[in-house]
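Q:
Protein chains in written order, with our numbering: chain L, 1 to 501; chain Y, 1001 to 1250.
(1) Thinking just about the alpha-carbon of each residue, which of L:345, L:281, L:355 and L:378 is nearest to the one in residue 312 (chain L)?
(2) Check the Cβ of residue 1114 (chain Y) against every Cβ in chain L and list those closer than 7 Å, keeping chain order.
(3) According to DSSP, which residues form a beta bridge with residue 212 (chain L)?
(4) Is residue 1167 (chain Y) closer than 8 Å to residue 1190 (chain Y) when the C-beta atoms are compared?
(5) Taking C-beta pairs closer than 8 Å, name the residues in chain Y that residue 398 (chain L) reaches, listed in chain order.
(6) Which residues in the same chain have their Cβ closer than 6 Å to the Cβ of residue 269 (chain L), if we skip the five residues on either side of it in sequence?
(7) Which first and last residues belong to the alpha helix (DSSP H) in which residue 89 (chain L) is found?
(8) On a CA-only basis, which of L:314, L:364, L:478 and L:446 is nearest residue 382 (chain L)? Give me that one, please.
(9) So, with DSSP's three-state summary, where would you put residue 1019 (chain Y)?
(10) Quick check on residue 80 (chain L): does DSSP put it in helix, strand or coil?
(11) Can you name the residues of chain Y whose CB is closer than 7 Å to the CB of residue 401 (chain L)?
(12) Using the rule of at least 16 other Cβ atoms within 10 Å of the residue's Cβ for burial, across every protein chain shown, is residue 154 (chain L) buried or exposed?
(13) Cβ of residue 1111 (chain Y) less than 8 Å from any chain L Cβ?
(14) So, helix, strand or coil for residue 22 (chain L), using DSSP?
(15) I'd like the span of the beta strand (DSSP E) that includes residue 452 (chain L), first residue to last.
(16) Does any residue of chain Y have a CB that is nearer than 8 Å to the CB of residue 21 (chain L)?
(17) Would you mind reading off the limits of the beta strand (DSSP E) that contains residue 415 (chain L)?
(18) I need the DSSP call for residue 1118 (chain Y), collapsed to helix, strand or coil.
(19) Can you list, in chain order, the residues of its chain with a C-beta nearer than 7 Å to that of residue 1196 (chain Y)? Leave out the 5 residues immediately preceding and following it.
(20) Using beta-carbon positions only, say whether residue 433 (chain L) and residue 483 (chain L) come within less than 8 Å of one another.
(21) Span of the beta strand (DSSP E) holding residue 1070 (chain Y)?
(22) When Cβ atoms are compared, which residues of the region 1195-1216 of chain Y fall closer than 9 Å to chain L?
(23) Taking only the alpha-carbon atoms, compute the straight-line gap between residue 470 (chain L) and residue 392 (chain L) and give it to the nearest angstrom.
(24) Go through its chain and collect everything with a Cβ distance to residue 394 (chain L)'s Cβ below 7 Å, but skip five positions before and after it.
(25) Would you check if the distance between the CB atom of residue 317 (chain L) and the CB atom of residue 387 (chain L) is smaller than 8 Å?
(26) Is it true that the region 192-212 of chain L meets the region 343-355 of chain L, where meeting means three or more beta-carbon pairs spaced less than 8 Å apart?
(27) Do residue 1210 (chain Y) and residue 1245 (chain Y) have their C-beta atoms within less than 8 Å of each other?
(28) Residue 408 (chain L) to residue 364 (chain L), Cα distance in whole Å?
(29) Only counting the same chain, and skipping five residues up and downstream in sequence, which positions put a Cβ closer than 7 Å to that of residue 1150 (chain Y)?
(30) Just list the residues that DSSP pairs residue 150 (chain L) with in beta bridges.
(31) At the level of alpha carbons, what is the spacing between residue 35 (chain L) and residue 464 (chain L)?
(32) Looking at the C-beta of residue 1164 (chain Y), does it have a partner C-beta in chain L at a distance below 8 Å?
(33) What are the boundary residues of the beta strand (DSSP E) that includes residue 260 (chain L)?
(34) Using 8 Å as the limit for Cβ to Cβ distance, is residue 1060 (chain Y) near chain L?
(35) Are the CB atoms of residue 106 (chain L) and residue 260 (chain L) within a distance shorter than 8 Å?
Rendered as structure tokens:
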């Protein structure tokens, strides 16, 4: 066992080393907007940049648009030479270039745009009150102060504070955002902060309501607002005709530009060493806490979902094999078949999104519970088939011998069939749990901080992709190795029964 | 109902039994009675339905037509509690079918304890007794996988006897054994027969059938082709079918 762990660690370390020696990236070739044509352009999926750049794709010049889930991923790709330029909002672009001296922003801006909050079309009264709040905040200078607090030379001097005597008696306002968009929304010390957050707080204060922030993927925000999961979306969102088809927007609260970020040919390779990076990634601001929270959630989801999966799988398998053996339980068997077909025939991620956004669309429900439910139901289908194959693998003579002694079908199952079946399926079952553990890494899609997303949050703060990803991978690896070792032990104990004198 | 219906000596009565798998008829219009203490050997070519007949007697096969009465109760009746009746019909299989997940002793104790016929300690005592009887007392705590074929079959016989059955069905009990192990199993069965147990044995061991059985049935072409005491049946076969069969096996 120890041998394997050491071998695995060696592999990982050599990966580190490989990643360390950076291969040289190509020189920058984009110097103005006109140069974009025919290049590889990185954007964040679903942003204005995405929409605008997409037009280049159709002009026949061979332009390729790479769409990333996060602006940060696009910037990483740019650094590694996978794309030639990134089109992104000016404020995050500034934050990126500050943190990466090898990148620069072209002076010529790509396009000007207006930011607004998105609100469901079915709630005109909410739109009216938010617009009224924005108007008031503009008039009394609050909005200006918030912007100044994050952008420009006086940053940090005029933080927003809730006016004294504000009452929050009108309920809760839920804001959907994607907290990877500095300085509009980002994580700092475990909290989501930024211009949009302060402004939303000010609006909520004005309306006498509490603010609750839901962090999710950028392209999920509009869905969340439509489905009622959130009251409004604030994520540096620009009004576009495409978006207006599905959602309404408030008045503009600020303007911004889309700019082009490229590699700086003159920059000296100023990469800090790995120890500095490690400190910055995990120790500064106690960033390791994101990983701990994530790890805790990952384990909770995996363990609870596994138990639920076993429970569901057990009953489905018993129903199905009883039907196979006796021809009874036709209706229950039919329902089980539908369950198996649907769950095994659709991707886990789609199931997770459906459960969160549609089934529990307008219900305020704990995300952990949603994840456990989704992964439990999903795993149940696979476990059911594993159990069933285990039951069917037991020789029919075992059934007949037990029944011929007068044991009932149920007792035959409990004392004769299941103990043997369980032993047979243990390796397959263990494999299913390993898959399940790793599959929980998609929990980030409903804005749950699992291990993977914990690493992503660190990445979005430090703009370093390598270390957080490797550490996350290492933690998963350790979990799986421990799990495998435990299963092996259990297996050996069950098997030893039959051999020992 | 016929006169011997209430005869307390009759353990099993089969009336007009038919069994078909789809269109393929295996047994048709089988009629017979089994009295207490009888040892019946069933012989016949393979595929003649003798195993199917035996398995019908405790409803491991559901008859297509006809009735089977066990102590006067029609076991083919849907309302009959077949589990309760099976307690009194022991069965020994060609492939032993011991439960590999429990020790020899637990194999024997399982049914009496689970069906609440004996307490744990009573069942254990009985198991040890039975194992002594089949000569395997020292294997009580062994697992089935550690036994030879002959030993497994002796345990299987002990397991069936633990329920104190009124009749025991043997489905080719020595067919899966190496030749040198056949004797030990037949000896146990012989002792059992001498102790007065009612037995129905599907077998290919003609010598054994002749020596131990007091009635012999020859199954062929979906029916009981001939039935007689063993001596007559073997020495004086009436049908060409049986003559042909005996010339091949003897």
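Positions of the beta carbon are idealized from the N, C-alpha and C atoms, including for glycine.
A: Inspection of the coordinates gives the following:
(1) The residue given as residue 312 (chain L) occupies position 312 in the first chain. Minimum Cα distance to residue 312 (chain L) is reached at L:378.
(2) By one-based count along the second chain, residue 1114 (chain Y) stands at place 114. Those are 407, 411 and 415, listed as they occur along chain L.
(3) Here residue 212 (chain L) refers to the residue found at position 212 of the first chain. Residue 212 (chain L) pairs with L:174.
(4) On the second chain, residue 1190 (chain Y) is found 190 positions in, with the first residue counted as 1. On the second chain, residue 1167 (chain Y) is found 167 positions in, with the first residue counted as 1. In this structure, residue 1167 (chain Y) does not lie closer than 8 Å to residue 1190 (chain Y) by Cβ.
(5) The residue given as residue 398 (chain L) occupies position 398 in the first chain. Those are 1097 and 1099, listed as they occur along chain Y.
(6) Residue 269 (chain L) sits at position 269 when you count from the first residue of the first chain. Below a pLDDT of 50, predicted positions are generally treated as unreliable, and residue 269 (chain L), at 49, falls in that range; the measurement from the model is reported next regardless. Counting only Cβ-Cβ distances below 6 Å, and skipping sequence neighbours, we find nothing.
(7) Numbered from 1 along the first chain, position 89 holds the residue referred to as residue 89 (chain L). Premise fails: residue 89 (chain L) lies in the beta strand (DSSP E), 85-89, not in any alpha helix (DSSP H).
(8) Counted from its first residue, the first chain places residue 382 (chain L) at position 382. Residue 382 (chain L) has its Cα closest to that of L:314, out of L:314, L:364, L:478 and L:446.
(9) The count along the second chain starts at 1 and reaches residue 1019 (chain Y) at position 19. Assignment of residue 1019 (chain Y) by DSSP, reduced to helix, strand and coil, places it in the strand class.
(10) Position 80 of the first chain, counting from 1, holds the residue named residue 80 (chain L). It is coil, neither helix nor strand.
(11) Walking along the first chain from the start, residue 401 (chain L) turns up at place 401. Residue 401 (chain L) reaches chain Y at 1093 and 1097, counting residues in chain order whose Cβ is nearer than 7 Å.
(12) Stepping through the first chain from its first residue, residue 154 (chain L) is reached at position 154. That one is exposed.
(13) Here the question's residue 1111 (chain Y) lines up with position 111 in the second chain. It does: the Cβ of residue 1111 (chain Y) has a partner Cβ on chain L nearer than 8 Å.
(14) Start at 1 with the first residue of the first chain, and residue 22 (chain L) comes out as number 22. Low confidence applies here, because residue 22 (chain L) scores a pLDDT of 49, under 50, leaving its location unreliable; read the following figure in that light. Of the three classes helix, strand and coil, the one that applies to residue 22 (chain L) here is coil, per DSSP.
(15) Within the first chain, numbered from 1, the residue matching residue 452 (chain L) stands at position 452. Bounds of any beta strand (DSSP E) do not take in residue 452 (chain L); it lies within the alpha helix (DSSP H) bounded by 451-462.
(16) Along the first chain, read from residue 1 onward, the residue named residue 21 (chain L) stands at position 21. The predicted model places residue 21 (chain L) with a pLDDT of 49, which falls under 50 and marks its position as unreliable, so this point remains unresolved.
(17) Sequence index remark: in the first chain, residue 415 (chain L) carries index 415 (1-based). No beta strand (DSSP E) holds residue 415 (chain L); DSSP gives it neither H nor E.
(18) For the purposes of this step, residue 1118 (chain Y) is identified with residue 118 of the second chain, where counting begins at 1. Assignment of residue 1118 (chain Y) by DSSP, reduced to helix, strand and coil, places it in the coil class.
(19) What you label residue 1196 (chain Y) is simply residue 196 of the second chain in a count that begins at 1. Once the five neighbours on either side are set aside, the close Cβ partners of residue 1196 (chain Y) are 1037.
(20) Counting from 1 along the first chain, the entry for residue 433 (chain L) is found at position 433. Counting from 1 along the first chain, the entry for residue 483 (chain L) is found at position 483. Cβ distance < 8 Å, so residue 433 (chain L) and residue 483 (chain L) count as in contact.
(21) Residue mapping note: residue 1070 (chain Y) aligns to position 70 of the second chain, counting from 1. That run of the beta strand (DSSP E) goes 1065-1070.
(22) Identification of residues in the region 1195-1216 of chain Y having a C-beta nearer than 9 Å to some C-beta of chain L yields an empty set.
(23) In the first chain, counting from the first residue as 1, residue 470 (chain L) sits at position 470. In the first chain, counting from the first residue as 1, residue 392 (chain L) sits at position 392. Computed Cα separation, rounded: 42 Å.
(24) In the first chain, residue 394 (chain L) corresponds to position 394, counting from 1. Within the same chain, and ignoring the five residues on either side of residue 394 (chain L) in sequence, the residues whose Cβ sits closer than 7 Å to its Cβ are 417, 420 and 421.
(25) By 1-based counting over the first chain, the position of residue 317 (chain L) is 317. By 1-based counting over the first chain, the position of residue 387 (chain L) is 387. Annotated as proximal: residue 317 (chain L) and residue 387 (chain L), with beta-carbon spacing under 8 Å.
(26) The region 343-355 of chain L and the region 192-212 of chain L do not touch, with fewer than three beta-carbon pairs separated by less than 8 Å.
(27) For the purposes of this step, residue 1210 (chain Y) is identified with residue 210 of the second chain, where counting begins at 1. For the purposes of this step, residue 1245 (chain Y) is identified with residue 245 of the second chain, where counting begins at 1. Contact flag unset, no.
(28) One-based indexing of the first chain puts residue 408 (chain L) at position 408. One-based indexing of the first chain puts residue 364 (chain L) at position 364. So the alpha carbons of these two residues sit roughly 46 Å apart.
(29) The count along the second chain starts at 1 and reaches residue 1150 (chain Y) at position 150. Excluding residues up to 5 positions away in sequence, 1177, 1181, 1184 and 1185 lie with their Cβ nearer than 7 Å to the Cβ of residue 1150 (chain Y) in the same chain.
(30) One-based indexing of the first chain puts residue 150 (chain L) at position 150. Looking at the DSSP assignment, residue 150 (chain L) forms no beta bridge with any residue, so it has no partner.
(31) Here residue 35 (chain L) corresponds to residue number 35 of the first chain, with the count starting at 1. Here residue 464 (chain L) corresponds to residue number 464 of the first chain, with the count starting at 1. In a straight line, the C-alpha of residue 35 (chain L) is about 28 Å away from that of residue 464 (chain L).
(32) Here residue 1164 (chain Y) is taken as the residue at index 164 of the second chain, counted from 1. Not one chain L Cβ lies under 8 Å of residue 1164 (chain Y).
(33) Residue numbering aside, residue 260 (chain L) sits at position 260 when the first chain is read from its first letter. 248-263 is the span of the beta strand (DSSP E), which, as asked, contains residue 260 (chain L).
(34) What you label residue 1060 (chain Y) is simply residue 60 of the second chain in a count that begins at 1. Taking Cβ atoms only, chain L reaches closer than 8 Å to residue 1060 (chain Y), which makes this a yes.
(35) Numbered from 1 along the first chain, position 260 holds the residue referred to as residue 260 (chain L). Numbered from 1 along the first chain, position 106 holds the residue referred to as residue 106 (chain L). Going by C-beta atoms, residue 260 (chain L) is nearer than 8 Å to residue 106 (chain L).
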